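Undergrad: Please see the structure below; I have some questions.
Number of protein chains: 2
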Amino acid sequence: MAKPHIVVLGGGFAGIEFCKELEDCPADITLIDRQNHHLFQPLLYQVASAGLAAPEIAHPIRSIFSKQQNVDVLMDEVSSIDLDNKTVHIKEGGSLAYDYLVIGLGVKTGYFGNDQWAKYAPGLKSLDDATKIRRHILFAFEKAEKATDTRERDRLMTSVVIGGGPTGVELAGAFAEIARHVLKSDFRNIDTSTAKIYLVEAAPRLLTMYDEKLSNYTEKKLTSLGVTVKVNAPVQSISEGKVELGDEVIEAENIIWAAGVEAPALTRCLGVETDPGGRIIVDGDLSIPGHPEAFAVGDIAHCIDQSGKRVPGLCPAAIQMGKHAAKVIEADINHPGSGNYPVRKQFRYFDKGSMATIGRSAAVAESAGMKFDGFIAWLMWLFIHLLFLVGFRNKIAVLIQWFYAYVRYRRGARIITGMG
Amino acid sequence: MAKPHIVVLGGGFAGIEFCKELEDCPADITLIDRQNHHLFQPLLYQVASAGLAAPEIAHPIRSIFSKQQNVDVLMDEVSSIDLDNKTVHIKEGGSLAYDYLVIGLGVKTGYFGNDQWAKYAPGLKSLDDATKIRRHILFAFEKAEKATDTRERDRLMTSVVIGGGPTGVELAGAFAEIARHVLKSDFRNIDTSTAKIYLVEAAPRLLTMYDEKLSNYTEKKLTSLGVTVKVNAPVQSISEGKVELGDEVIEAENIIWAAGVEAPALTRCLGVETDPGGRIIVDGDLSIPGHPEAFAVGDIAHCIDQSGKRVPGLCPAAIQMGKHAAKVIEADINHPGSGNYPVRKQFRYFDKGSMATIGRSAAVAESAGMKFDGFIAWLMWLFIHLLFLVGFRNKIAVLIQWFYAYVRYRRGARIITGMG
């Protein structure tokens, strides 16, 4: 009997974990990603803020599976999925028939229907996004140094981060650190410590998924770093170098969107139910209703788990979902009498906690009902992120960069590339 | 009395050394570079061959001079130089008058009048060049993995490096290592160890500036690494994916030009004598004939030193020239009675030796009449390159990458970015 063919879309946390879990499974797995690397998304903001080099948070997908012979990696882009005919169409390589499908394509920056803002306020989802933001913010200081008009100079030294979730908080904190400390004595005509960094959030507080105490700590800490935090401040419109918030208009050279994500457009063409963000609504076993051989895992899945709670769009959830889908499929494959599926295990998200870092030696964390802030939370953050970083080389490289940044207040990746 | 204004063009080895040397000089120095970073050119081939990340061999120029108050860094591009009116015109910032000028703009990839080849055979002079080459060669293997036509697959897995100088030797060795070792078990449909790497050189041997014994060693070593070395093979023409050498045509996806450099075009508009490569012919004190207040240093200068020998286009020479120009100008400034220059010291190049690495634990070196090859030369190469790398952070980061590459045969920066 031919081995079942499993097609996995996306080499993010869910897809990678899925494949790893099936190491000994008698199946042919094809993992498709349009990038050649798995990206450690939680540290992407550090590449954007010149703390780390791009290769330090990325790992070649092929290299992860170089010794796992049942995984075949294909660098290509999915153009459409035909669930009824069990076929995936890809941009360059024609189409692939599957016995099982695992969709782990993740989410992309979403503008809540205002896609015209993308041009003025880029998001942060890929390494190219990150190097673009880094180039833009470093180059803004270079332009400010040369500017003769005071107002223009102020505008060039103003950044607005939209969205008070973990990414927004982390970016705003890092930008403040760059301006107040890292670049402090580098310029002769401007005082970078007067740079303005705004963090704007539509909700009444930052980090809404955390306890209010931690939100308050975060706001206080960011303010002390020099960030102007604006809550209850929904964005009305964004245009070239301008953000409109109710009655206030902020002129800024750097505008970064960290306020929302949405599923890639192809989920809307699957003929299955999606949530308003385009996420695929899955059954309790993570399969797509009506298609027991097709699964959605990670951020692209809208899942209510066994406990009745919505599974959050976080790395640990993606990892757990990838592992769960693998176990379900492995049980199917090993079940005698192909064609009828055994009773499947339902997914249950195990919440180990969540954390966000604010700046040098400050973070917030919540785990098992306990709340942490300050230095201890930062140490936890550091330890966990190093631990989960893929590849020994990356762990060591990142540790050294952080140690260096900590003692010297330096950011080594302040290099402007790709100016064209 | 106003301090003299010294304008320095280019933040390469010569320009940086010049400014450092004038740390205590009562002068206002403006250092102009179109990049925000000083680049450690000798290791650029390692970024191109996925061994190092771009920020690891670059250092922000501002950060080098953050504490040296007499240096003002300007990120801009020089559009023209008016030697008679002592003025430099820059692209964005208008023009700058100077009392002293130091031109250290370096050289760019040169095609000996065949500029149409640039499109098909990019050179390696900047970080953007390096990431472009890296992206292209890694992506070629991805395309080969999907190719169904055998001939096309072979073409995709073929690289031609043109030019048997140190850069060509280093690139060819690194590409061979990637194909034979690093990527070996990453692919399922192709055997990367069958990839073909050609190194072609018009002269009768590689590394013509070295002793013939070392050239022979290099050729033997490269051949054992799997490189096809072709000497006496001048390139007739280059077109899309094709290199024509006399009666042979090599079809290759990756064609890299490391065969020549030339001075930037603006040297031809200075109204002073240049050599066929556009380098400015300087006097023995490194000043430009007829313009005692203007100097050319580094690769852009054509200099016959006090010993009557042509100064080579190497980093140590650039550093020594930068330092020499600084001493001459400092003596001028400190000389009583401005307007008439004191008798100037003539430049003498001190040849400490030169070296090129071939691959893992093999290199060639020549110093003070002694010749080294193999592991000992490689250790010397490693030690000296680490020593001269700018910035403590970079030294440590690079050391770790090399250690990792050495023990694990891995190249950590195998990340394809900038696909657009």
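Order-wise, the sequence lines are chains D and P. The first sequence: position 370 = 357 (my numbering), numbered continuously. The second sequence: position 284 = 271 (my numbering), numbered continuously. We put the beta carbon where it would ideally sit given N, CA and C, even for glycine. Note that the structure is a prediction, hence the values are computed from the model and not measured.
(1) Give me the DSSP bridge partner(s) of residue 282(D).
(2) Suppose the cutoff is 6 Å on Cβ atoms and the five residues either side in sequence are ignored; what does the same chain contact list for residue 407(P) look like?
(3) Interface residues of chain P around residue 73(D) at Cβ under 7 Å?
(4) Measure how close the beta-carbons of residue 127(P) and residue 240(P) come, nearest whole angstrom, since I'm counting them as under 8 Å.
(5) What alpha helix (DSSP H) runs, 4 residues minimum, are completely inside the region 171 to 216 of chain P?
(6) Alpha carbon to alpha carbon, how far is residue 9(D) from residue 314(D)? Give it in angstroms, no decimals.
(7) When you compare each of 227(D), 58(D), 31(D) to residue 16(D) by their alpha carbons, which one comes out closest?
(8) Would you say residue 391(P) reaches chain D, if we count a Cβ-Cβ gap shorter than 7 Å as a contact?
(9) From 89(D), 29(D), 67(D), 75(D), pick the residue whose C-alpha is nearest to that of residue 285(D); which is it?
(10) What residues of chain D sit near residue 383(P), judged by a beta carbon separation below 8 Å?
(11) Can you look up residue 102(D) in the DSSP assignment and give me helix, strand or coil?
(12) Would a check of beta-carbon distances place residue 25(D) closer than 7 Å to chain P?
(13) Taking residue 73(P) as part of the alpha helix (DSSP H), name the residues at either end of that continuous run.
(14) Are there 16 or more other CB atoms within 10 angstroms of the CB of residue 181(P), so buried, or fewer, so exposed?
(15) What are the partner residues of residue 47(P), as DSSP defines its beta bridges?
(16) Classify residue 317(P) as helix, strand or coil using the three-state DSSP reduction.
(17) Just to check my reading of the structure: residue 401(P) and residue 161(P) have Cβ atoms closer than 8 Å, yes? What is that Cβ distance to the nearest angstrom?
(18) State the DSSP-derived secondary structure class of residue 143(P), mapped to helix, strand or coil.
(19) For residue 229(D), which residues does DSSP report across the bridge?
(20) Just how far apart, CA to CA, sit residue 256(D) and residue 140(P)?
(21) Which of the three DSSP states, helix, strand or coil, is assigned to residue 407(P)?
(22) Between the Cα of residue 294(P) and those of 230(P), 329(P), 41(P), 337(P), spot the shortest distance and give me the residue it belongs to.
(23) Rounded to whole angstroms, what is the Cα-Cα separation between residue 386(P) and residue 213(P)?
(24) Candidates 61(P), 14(P), 222(P): which alpha carbon is nearest residue 22(P)'s?
(25) Leaving out five residues before and five after residue 404(D) in sequence, what residues of the same chain have Cβ atoms less than 8 Å from its Cβ?
(26) For residue 153(D), which residues from the same chain have a beta carbon less than 6 Å from its beta carbon, with the 5 sequence-adjacent residues on both sides left out?
(27) On a CA-only basis, which of 223(D), 376(D), 6(D), 274(D) is nearest residue 19(D)? Give me that one, please.
(28) Please confirm whether any heavy atom of the ligand MG lies closer than 6 Å to the CB of residue 224(P).
(29) Look at the alpha carbon of residue 332(D) and the alpha carbon of residue 3(D), and state the distance between them as a whole number of angstroms.
(30) Any beta carbon from chain D within less than 7 Å of residue 53(P)'s own beta carbon?
(31) Is there a Cβ of chain D sitting closer than 7 Å to that of residue 129(P), yes or no?
(32) Have a look at 105(P), -2(P), 73(P), 195(P) and flag the residue whose alpha-carbon is nearest the alpha-carbon of residue 51(P).
(33) For residue 31(P), return the contacting residues in chain D, with the cut-off set at a CB-CB distance below 7 Å.
(34) Does any residue of chain D have a CB that is nearer than 7 Å to the CB of residue 62(P)?
(35) Taking all protein chains shown into account, decide if residue 263(D) is buried (16 or more other Cβ within 10 angstroms of its Cβ) or exposed.
(36) For the region 78 to 98 of chain P and the region 214 to 223 of chain P, state whether three or more C-beta atom pairs, one from each stretch, are separated by less than 8 Å.
TA: According to the structure shown:
(1) 89(D), 274(D)
(2) Bear in mind that the predicted position of residue 407(P) carries a pLDDT of just 48, short of 50, making it unreliable; the figure below should be weighed with that in mind. None.
(3) Per Cβ cutoff of 7 Å: no residues; residue 73(D) is ~21 Å from chain P at best.
(4) 4 Å
(5) 199 to 212
(6) 8 Å
(7) 58(D)
(8) yes
(9) 89(D)
(10) 387, 391
(11) helix
(12) no
(13) Taken as a continuous stretch (DSSP letters only), residue 73(P) belongs to no alpha helix (DSSP H), as it is neither H nor E.
(14) exposed
(15) 24(P)
(16) helix
(17) So it is not a contact: roughly 12 Å between Cβ atoms.
(18) helix
(19) 226(D), 238(D)
(20) 35 Å
(21) Low per-residue confidence applies at residue 407(P): pLDDT is 48, beneath 50, and the placement is therefore not dependable enough to give any value.
(22) 337(P)
(23) 26 Å
(24) 61(P)
(25) 118, 122
(26) 343
(27) 6(D)
(28) The ligand MG is not part of the structure shown, which contains no ligands of any sort.
(29) 21 Å
(30) yes
(31) yes
(32) -2(P)
(33) Within 7 Å Cβ-Cβ: nothing; residue 31(P) doesn't reach chain D, min ~12 Å.
(34) yes
(35) exposed
(36) no
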